[in-house]
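Colleague:
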Amino acid sequence: MTDSERPIMRGATGGFPEVWKVPPRNTNFTGRDELMGSLRSSITKKTTAVVPHALQGFGGVGKTQIAIEYAYRFRGEYDVVWWIPSDQPGLVRSTLAQLAPKLGLPDPTTTGIEEAANSVLDTLRSGKPYDRWLLIFDNADEPEDINDILPQGAGNVLITSRNHRWASLYETVAVDVFPRPESVEFFIKRMRRSITEKDADRLAGALGDLPLALEQAAALQTETGMSADDYLRMLTERTAILLGEGKPSEYPLPMTAAWSLSVNELKDNLPEAMELLRCCAFFGPEPIPRSIFASVDGPVRPVIADLLADPIRLGTAIRRLGKYALVRIESEPSRPTTLQVHRLIQALLREELEAGTQEEIRSEVHSLLVGAAPESPDNPTDWATYDALLAHLEPARLADSIRDDVRGFALNVLTYLNASGNHQGLRDHLDTFLQKWTDEFGPDDLHVLRARRVQGDLLRSMGQYTEGHRLNTATLAKIQANVGVEHPDSLVLLNGIGADLRAQGLFVEARDHDTESVRLHRKVFGADHVSTLRAVNNLALDYGLTSDYLGSRTLLEEALRSGGNAVNRITQLNLWAGLGRSVRLCGFYSEACDLGEDALAFGRELLDADHPRVLLTQKDLSIALHRYGEHERALDLAQDVHARYVRLYGLDHPGTLAAATCLSNALRVNSLIQESFDLANDTMQRYPKLYGPEHPYNYGCASNVALMYRVRGEPLEARRLNERAMEGLDQRVGRDHHFTLTVAVNLASDLAMLGELKEACKLGTDALERLRRLLGEDHPTTLAASANLVVDLAQSGQTEKAEILSADTMDRYRDTLGLDHRDALVAMEGRHLDCDFDPPPI
645 MTDSERPIMR
655 GATGGFPEVW
665 KVPPRNTNFT
675 GRDELMGSLR
685 SSITKKTTAV
695 VPHALQGFGG
705 VGKTQIAIEY
715 AYRFRGEYDV
725 VWWIPSDQPG
735 LVRSTLAQLA
745 PKLGLPDPTT
755 TGIEEAANSV
765 LDTLRSGKPY
775 DRWLLIFDNA
785 DEPEDINDIL
795 PQGAGNVLIT
805 SRNHRWASLY
815 ETVAVDVFPR
825 PESVEFFIKR
835 MRRSITEKDA
845 DRLAGALGDL
855 PLALEQAAAL
865 QTETGMSADD
875 YLRMLTERTA
885 ILLGEGKPSE
895 YPLPMTAAWS
905 LSVNELKDNL
915 PEAMELLRCC
925 AFFGPEPIPR
935 SIFASVDGPV
945 RPVIADLLAD
955 PIRLGTAIRR
965 LGKYALVRIE
975 SEPSRPTTLQ
985 VHRLIQALLR
995 EELEAGTQEE
1005 IRSEVHSLLV
1015 GAAPESPDNP
1025 TDWATYDALL
1035 AHLEPARLAD
1045 SIRDDVRGFA
1055 LNVLTYLNAS
1065 GNHQGLRDHL
1075 DTFLQKWTDE
1085 FGPDDLHVLR
1095 ARRVQGDLLR
1105 SMGQYTEGHR
1115 LNTATLAKIQ
1125 ANVGVEHPDS
1135 LVLLNGIGAD
1145 LRAQGLFVEA
1155 RDHDTESVRL
1165 HRKVFGADHV
1175 STLRAVNNLA
1185 LDYGLTSDYL
1195 GSRTLLEEAL
1205 RSGGNAVNRI
1215 TQLNLWAGLG
1225 RSVRLCGFYS
1235 EACDLGEDAL
1245 AFGRELLDAD
1255 HPRVLLTQKD
1265 LSIALHRYGE
1275 HERALDLAQD
1285 VHARYVRLYG
1295 LDHPGTLAAA
1305 TCLSNALRVN
1315 SLIQESFDLA
1325 NDTMQRYPKL
1335 YGPEHPYNYG
1345 CASNVALMYR
1355 VRGEPLEARR
1365 LNERAMEGLD
1375 QRVGRDHHFT
1385 LTVAVNLASD
1395 LAMLGELKEA
1405 CKLGTDALER
1415 LRRLLGEDHP
1425 TTLAASANLV
1435 VDLAQSGQTE
1445 KAEILSADTM
1455 DRYRDTLGLD
1465 HRDALVAMEG
1475 RHLDCDFDPP
1485 PI
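Under our numbering, the first residue of the sequence shown is numbered 645, with each subsequent residue one higher.
#1: Whole alpha helix (DSSP H) runs in the segment 1191-1237 with 4 or more residues, listed along the chain?
#2: Exposed or buried, what is Ala999 when buried is set at 16 or more other beta-carbons lying within 10 Å of its beta-carbon?
#3: On the three-state DSSP scale, how would you describe Leu851?
#4: Any idea which residues DSSP pairs Pro933 with across the strands?
#5: Taking Gln1539 and Leu1074 to be in contact with their CB atoms under 8 Å, please state how far apart those CB atoms are, rounded to whole angstroms.
#6: In the structure shown, what three-state DSSP assignment does Arg972 receive?
#7: Under 7 Å Cβ to Cβ from His1157, same chain only, skipping five residues before and after it: list those, please.
#8: Can you tell me whether Ala1304 sits near the ligand MN, meaning its C-beta is under 8 Å from at least one heavy atom of the ligand?
#9: Following the continuous alpha helix (DSSP H) through Trp1081, name the residue where it begins and the one where it ends.
#10: When the Cα atoms are used, what is the spatial distance from Ser939 to Glu1019?
#11: Alpha carbon to alpha carbon, how far is Glu1181 from Gly748?
#12: Could you pull the start and end residues of the alpha helix (DSSP H) that Val724 belongs to?
#13: Tell me the residue span of the alpha helix (DSSP H) that contains Glu788.
#14: Around the C-beta of Asn913, are 16 or more other C-beta atoms found within 10 angstroms, so that it is buried, or is it exposed?
#15: Tell me whether Cys1479 is buried or exposed, calling it buried when 16 or more other Cβ atoms sit within 10 Å of its Cβ.
#16: Once DSSP output is grouped into helix, strand and coil, what is the label at Leu1407?
#17: If I follow the unbroken alpha helix (DSSP H) through Thr1176, where does it start and stop?
#18: Can you grab the Cα-Cα spacing for the pair Ile712 / Gly706, in whole Å?
#19: What alpha helix (DSSP H) runs, 4 residues minimum, are completely inside the segment 1110-1166?
#20: Is the segment 1117-1131 in contact with the segment 1347-1355, if contact means three or more CB pairs nearer than 8 Å?
#21: For the beta strand (DSSP E) that Glu815 lies in, which residues bound it at each end?
#22: Are the CB atoms of Ser805 and Asn783 within a distance shorter than 9 Å?
#23: By Cβ distance, which residues of its chain are closer than 6 Å to Leu1412, with the 5 residues on each side in sequence left out?
#24: Straight-line CA distance for Pro668 to Pro1024?
#25: Hey, Leu1419 and His1465 are a contact pair by Cβ (cut 8 Å); roughly how many whole angstroms apart?
#26: Going along the chain, which residues of its own chain have a beta-carbon closer than 7 Å to the beta-carbon of Leu958, five neighbours each way excluded?
#27: Distance cutoff 9 Å, beta carbons only. Does Thr1029 sit that close to anything in chain B?
#28: Mapping DSSP to helix, strand and coil, what is Leu887?
#29: For Val801, which three-state DSSP category applies?
#30: By DSSP's criteria, His697 is part of a beta bridge. Which residues make up the other side?
#31: When you compare the CB positions of Ala1236 and Tyr1272, do they come within less than 9 Å of one another, or not?
#32: Can you tell me whether Arg1414 is buried or exposed, with buried defined as 16 or more other CB within 10 angstroms of its CB?
#33: Can you pull the DSSP bridge partners for Val663?
#34: Indicate whether Leu1204 and Cys1230 have their beta-carbon atoms separated by less than 9 Å.
#35: Taking Asp843 as the reference, which of Leu856, Gln865, Phe822 and Pro855 has the closest Cα?
#36: Give the secondary structure of Ile780 by DSSP, where H, G and I count as helix, E and B as strand, and everything else as coil.
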């Protein structure tokens, strides 16, 4: 039984903490007692706040092993010990977030990585339930990469790094080579056969006491039975050769020489293992999935192709690399097996090869990456695989490849990053691919144009609508000239341009564009294809934005029936959430809540809670709950989703502004008037910066602020804003649009509050007639207009008209929302109903 498998015994000598995640310790760990004592003494100094400590030194001196040994040796002093690999700053938060359920916090699959990580930091800082904790950030590079997630509190933080900059910021313990006695002790402990202290001393001196070099030497002698004299003789010869070749000074010569001996032994006895090691040198220094080493269609060297085709020989080669301490093999029951090669060994392996051989092996690695990638990069079940491959793209210089299959894989990576909502990673890789491919193939190359399409999607998702539309229009013209109007690449981009038109407020033009897009998609792909269903989803959005809610609902119901469970699950979520939105806009609030609850549960099961599609689904559910009358829960969801948007995208992102509008409306119906007004007013100021001054959404947000002015008892200001909003909407979408008529209903209430009852009745009567034609007599907005007109007619002395209209209105409330709904109760009390605005997604 290994240390990591032993049962946890809190408080018992040698027991493990309550929460424990640390790699297995090296059973051959030797010495370092003085350094360990100094580190422990420094860490346990009484301070008012946590002081991070760093183990700093060059590659190969054993910083990671010291950190692991520290965790094991002093585990009885902690309740929580958590290991965080920090080679890739982008993955640090996800590892920290995995600690959340261990601290009694919601799992990151429920709350999202960002929120889970922040909750962990807050909990550690509070010291509840644990105040004795240790976080270890291994192989951190720049301090800026992790400074913002170093927790405060009563616990300890330990960092390992090669970067000397840490010494100027935190308490730093320099890690150097072994003292000679510890080197001797290491050899005696590590070697499975007898070795004299004299021979151990001679070996240590020749290897410069560098721990990684000692490990290499001991492994080689143990596996081959080589004597110390033979090893030293070969080491001397190898050192002379290396010196003659002028090896760079950044590689410790003892490490280089020791490594060369192990490599030569592999070459002589198991050459295919040596070639496999060379292949590993062109991946990144992060763990390489063991499953990547499988037969592939792309070009690989014959020796590797033969090895991959023989699982027994492949397993033997991998085990031999592990025994020679050239590869670290990690295998845990709950995680895929990985191989990891020290970055120093990788550099030495690459350097010994001629440029042509390097390119051949690099192309081989590209083939393995292509072969390991799932076919559906937008399928969440495949994202873990893509994520494991992502760390190796830049080290393997994937962007330099001119192979079509490799560039196709690169485009799949972009699709994965876009679908998973990793916009920063998408931006970084997209810029690299575009620059390399454009320089090599020119701006009209099809792969370049495909990457440009992804760039257009990214610009749109970040609210850069003008730039996105300009790019997409130009790209579409080039793609159509290249492959034709009905080619799949043309159709995918055609589908996106409808969103560009919606973003400009050109709702009718977007509907006409997407109608043709759906026709072409059905012709080329068929009605049930995922690309067709995405086009249908966009057309349903257009129908909603042109007030044809029933048409939108019908389209989405048909799409869900035809696609079924076979469709891409993110597309299924989009259709499902869209149907809930359309049902709400049709006025069926209870059904919309049911659909929204189901869609959100499906989305949270499928995706991270911070994923853009989950956020959108949660916002829509909040609106449905608000309309249905569950105001407190609507507010809870609205506050949560708005906070997520702000944290992820900032205040001026389109999703943040839509969430702010939703939250402002939820605050108002929960009687938090000042908070609602402040947020609505701030949002109104931000919208024109995103969409331009004449977009319909700007006027809708202005009508929300006007509503708040009337609620605050300032009808003149409300009237001014609503008159401006209605004039703008008249010009952009026409009077017979739901947006415009909502403003008209509110403006009539402003006029009534100002005592201008004749004008209020005139405007209210016109709005009611138009709403009946547009949405039907039973729609909630129609009923609100009717109920408000009842009040205005009664106050203006038109009692008979008011009574007849009131009876009809209340009968319709009874048959639709029910007389216990808030709208019906307000109507029965003879008060005006307020109609607020929520911007649908683009």
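Every residue gets a Cβ at the ideal spot worked out from N, C-alpha and C, and that includes glycine.
Modeller: Concretely, from the data shown:
#1: Counting only runs of 4 or more, we get 1193-1207 and 1213-1229.
#2: Residue environment for Ala999: exposed (fewer than 16 other C-beta atoms within 10 angstroms of its C-beta).
#3: Under the three-state reduction of DSSP output, Leu851 falls in the coil class, being neither helix nor strand.
#4: Paired residue(s): Thr982.
#5: Here the chain has residues from 645 to 1486 only, and residue 1539 is not among them.
#6: Three-state result, Arg972: strand.
#7: So the qualifying residues of the chain are Ile1141, Gly1142 and Leu1145.
#8: This structure lacks the ligand MN; in fact it carries no ligand of any kind.
#9: Looking at the DSSP string, the run of the alpha helix (DSSP H) that includes Trp1081 is His1067 to Phe1085.
#10: Cα to Cα, Ser939 sits roughly 16 Å from Glu1019.
#11: First, the amino acid is wrong: residue 1181 is Asn here, not Glu. Taking the Cα positions, Asn1181 is about 39 Å away from Gly748.
#12: From DSSP, Val724 is part of no alpha helix (DSSP H) but of the beta strand (DSSP E) over Val724 to Pro729.
#13: Note, Glu788: alpha helix (DSSP H), Pro787 to Ile790.
#14: Result: exposed.
#15: Classification of Cys1479: buried, given that the 10 Å Cβ count is 16 or more.
#16: Leu1407: helix per DSSP, three-state reduction.
#17: In the DSSP assignment, Thr1176 falls within the alpha helix (DSSP H) that extends over Val1174 to Leu1189.
#18: Spanning the two alpha carbons is a distance of roughly 10 Å.
#19: Correct list: 1132-1147.
#20: Contact annotation: the segment 1117-1131 does not touch the segment 1347-1355, with fewer than three C-beta pairs closer than 8 Å.
#21: Start and end: Glu815 to Ala818.
#22: The criterion of a C-beta distance shorter than 9 Å is satisfied by Asn783 and Ser805.
#23: If you ignore the 5 residues before and after Leu1412, its C-beta comes within less than 6 Å of the C-beta of Ala1429, Ser1430 and Leu1433, all in its own chain and listed in chain order.
#24: If I take the Cα positions, the gap works out to 31 Å.
#25: With a contact defined as Cβ atoms closer than 8 Å, Leu1419 and His1465 miss out at about 17 Å.
#26: Counting only Cβ-Cβ distances below 7 Å, and skipping sequence neighbours, we find Phe937, Leu951 and Leu952.
#27: In the structure shown, chain B cannot be found, because there is only a single protein chain.
#28: Model confidence at Leu887 stands at a pLDDT of 44, short of 50, so the residue's coordinates are unreliable; what they give is reported in the following sentence. Secondary structure of Leu887 (DSSP, three-state): helix.
#29: Strand, per DSSP.
#30: According to DSSP, His697 bridges with Leu802 and Glu815.
#31: For the 9 Å CB-CB criterion, Ala1236 and Tyr1272 form a contact.
#32: Around the beta carbon of Arg1414, 16 or more other beta carbons lie within 10 angstroms, which makes this residue buried.
#33: According to DSSP, which records beta bridges pairwise, Val663 is partnered with Val724.
#34: Not in contact: Leu1204 and Cys1230 (Cβ atoms no closer than 9 Å).
#35: Comparing Cα positions, the closest option is Gln865.
#36: Ile780 carries a strand assignment under DSSP once its states are collapsed to helix, strand and coil.
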